[in-house]
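Chains as they are written, first to last, in our numbering: chain A, 144 to 404; chain B, 256 to 445. This report concerns only the one structure given below.
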């Protein structure tokens with residue numbers, strides 16, 4: 144007997160599973176990617192703007208800090224330090240290049256042989272490099288002159304490259320024991336050499352304080368009074384000063400000592 | 256989510272790329288430049304701070320120099336030359352050394368030659384002033400005279416010396432004595 148459902152005039156649908164079409168799903172993935180890209184780019188744009196603002200703020204802060212640091216720099220202090228440093232350098236340079244004439248004379252005392260006399264001594268300083276010395280010697284024998292040349296060249300710490308020139312043999316008149324004048328031979332010669340300044344610099348520790356008179360035990364040369372430059376307050380004062388401070392003629396300021404010691 | 260059409264998808268991707276290329280990347284470039292500037296400013300600030308610290312240390316060192324030492328320095332190389340005081344000092348020195356002076360006079364300012372120019376620094380220059388002195392005395396007295404010149408509180412350096420023998424065991428020394436100041440703009444008078 145057929146079932147009642149088979150008798151129905153309504154057409155029956157087969158129970159086969161219909162599969163959905165795949166192309167629609169592919170379009171959806173691309174859409175997600177497109178949406179993602181556009182959102183990401185917008186986020187990146189927003190982030191970059193924020194970060195740019197942040198860095199610009201940081202830059203402004205750095206500029207302000209730099210300005211503050213620059214403003215704390217004191218030009219006056221810098222000038223003071225610079226001036227003081229300059230003065231110190233000048234003073235140091237002077238101290239290091241101070242030549243001791245006494246050291247030169249002491250060295251001459253040491254190296255000049257006994258029978259030889261100095262008639263004339265000329266010392267001339269050439270900048271801060273050398274001292275040129277020119278000495279006129281006189282002695283009785285040529286042997287003494289030769290010996291002196293050897294001593295000057297070999298035994299002196301200061302004197303080097305000694306040149307002996309203008310050797311003259313003369314006869315000079317000299318009083319004997321009775322009082323008669325007799326002629327004695329005389330050899331005159333000139334020695335020229337230079338001394339490096341750095342070898343003859345002044346050493347305070349070796350200053351000849353004790354050699355000088357007894358008053359030197361407490362001697363101090365009064366320092367020169369330095370004129371206070373602050374008295375010049377404006378340019379007009381300066382002009383006035385220049386007029387009034389012209390160096391007087393040497394005759395006006397020379398100190399001639401009329402009295403003998 | 257509503258699926259986009261093909262053209263819309265391409266447009267969206269293109270827009271995203273355009274945003275990145277024309278906005279995000281330039282922004283990052285600008286950020287990089289700003290960061291470089293920040294670094295430079297920071298370095299400069301560090302240098303300025305360091306310089307300020309060094310200056311403060313130097314000022315502190317300067318303040319620590321006693322007034323006596325500053326006075327000594329100002330005496331050693333003054334700004335202005337008091338020629339009368341120098342002449343007076345030379346006279347006192349001759350008296351103490353026991354030599355007889357024939358003549359003491361101020362010659363004037365020495366024009367700096369090449370060698371003297373080398374000893375001047377860029378900020379301050381030293382100017383030499385010459386004094387001519389002629390003294391007579393025994394050898395030891397003249398040595399004492401030069402010894403006292405060397406021990407003076409300000410430089411009295413012998414730049415030229417001509418020593419000759421006189422009668423009676425005396426010597427005559429004609430010397431050019433040089434003293435220095437830092438500025439030659441004016442010579443003081445009292």
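All residues carry an ideal CB built from backbone N, CA and C; glycine is no exception.
Bridge pairing for residue 279 of chain B: absent [DSSP].
Comparing alpha carbon positions, the residue from A:177, A:211, A:330 closest to residue 303 of chain B is A:211.
Under the Cβ criterion of 8 angstroms, residue 393 of chain B is not counted among the residues facing chain A. If the five residues before and after residue 331 of chain B are omitted, its C-beta is found closer than 8 angstroms to the C-beta atoms of 408, 409, 410, all from its own chain and listed in chain order. Residues of the region 212-235 of chain A with a Cβ closer than 9 angstroms to any Cβ of chain B, in chain order: 212, 213, 215, 216, 217, 220, 221, 223, 224, 225, 226, 227, 228, 229, 230, 231, 232, 233, 234. Remark: C-beta atoms of residue 381 of chain B and residue 435 of chain B approach each other more closely than 8 angstroms. Contact between the region 242-262 of chain A and the region 395-403 of chain B is present: three or more C-beta pairs spanning the two stretches fall below 8 angstroms.
Residues of the region 411-423 of chain B whose Cβ lies closer than 7 angstroms to any Cβ of chain A, in chain order: 412, 413, 414, 415, 416, 417, 418, 419, 420. Interface annotation for the region 275-298 of chain B against chain A: 275, 278, 279, 282, 283, 285, 286, 289, 290, 292, 293, 296, 297, criterion Cβ-Cβ distance under 8 angstroms.
Using beta-carbon distances, residue 314 of chain B counts as an interface residue toward chain A, with a partner under 8 angstroms. Not flagged as an interface residue toward chain A: residue 425 of chain B, since no C-beta distance is shorter than 8 angstroms.
If the five residues before and after residue 237 of chain A are omitted, its C-beta is found closer than 7 angstroms to no C-beta atom of its own chain. Among the CB atoms of chain B, one or more fall inside 8 angstroms of the CB of residue 174 of chain A. Against residue 282 of chain A, chain B offers no close residue; the least beta-carbon distance is about 14 angstroms (beta-carbon pairs closer than 9 angstroms). Counted as a single uninterrupted DSSP element, the beta strand (DSSP E) harbouring residue 435 of chain B occupies residues 426-436. Annotated three-state conformation of residue 202 of chain A is helix, per DSSP.
Taking 4 residues as the minimum length, the alpha helix (DSSP H) runs contained wholly in the region 242-281 of chain A are 244-254, in order along the chain.
The secondary-structure analysis by DSSP pairs residue 361 of chain B across a beta bridge with B:386. In this structure, residue 260 of chain A and residue 280 of chain A form a Cβ contact; the two beta carbons are roughly 7 angstroms apart against a cut-off of 8 angstroms. Look at residue 255 of chain A: its C-beta is not under 8 angstroms from any C-beta on chain B.
Of the candidates A:175, A:186, A:264, the residue whose Cα lies closest to the Cα of residue 275 of chain B is A:186. In summary, residue 282 of chain A is buried, with 16 or more beta-carbon neighbours lying within 10 Å of its beta-carbon over all protein chains present.
Taking each of B:360, B:391, B:339, B:358 in turn and checking the Cα distance to residue 426 of chain B, the smallest one comes out for B:391.
Residue 215 of chain A and residue 313 of chain B have their C-alpha atoms spaced approximately 15 angstroms apart. Not flagged as an interface residue toward chain A: residue 321 of chain B, since no C-beta distance is shorter than 8 angstroms. Not one beta carbon of chain B lies nearer than 8 angstroms to the beta carbon of residue 303 of chain A. Using a 10 angstroms sphere on the CB of residue 180 of chain A, the tally of other CB atoms reaches 16 or more, which defines it as buried.
In this structure, the CA atom of residue 292 of chain B is about 56 angstroms from the CA atom of residue 433 of chain B. In the DSSP annotation of this structure, the continuous segment of the beta strand (DSSP E) that includes residue 419 of chain B starts and ends at 412-420.
Two segments are said to touch when three or more pairs of C-beta atoms, one from each, lie closer than 8 angstroms; by this definition the region 186-205 of chain A does not touch the region 343-353 of chain B.
Counting only residues of its own chain and dropping the five nearest sequence neighbours on each side, residue 412 of chain B has a CB closer than 6 angstroms to the CB of 433. Using a CB distance below 7 angstroms, the part of the region 255-276 of chain A facing chain B consists of 262, 263, 264, 265, 266, 267, 268, 270, 271, 272, ordered along the chain. As the crow flies, the alpha-carbon of residue 306 of chain B is around 29 angstroms from that of residue 334 of chain B. Within chain A, the residues placing a beta-carbon under 8 angstroms from that of residue 306 of chain B are 216, ordered along the chain. Against residue 199 of chain A, the close residues of chain B are 289, in the order they occur along the chain (beta-carbon pairs closer than 8 angstroms). Segment contact: the region 307-314 of chain A against the region 260-275 of chain A, fewer than three CB-CB distances shorter than 8 angstroms; contact not assigned.
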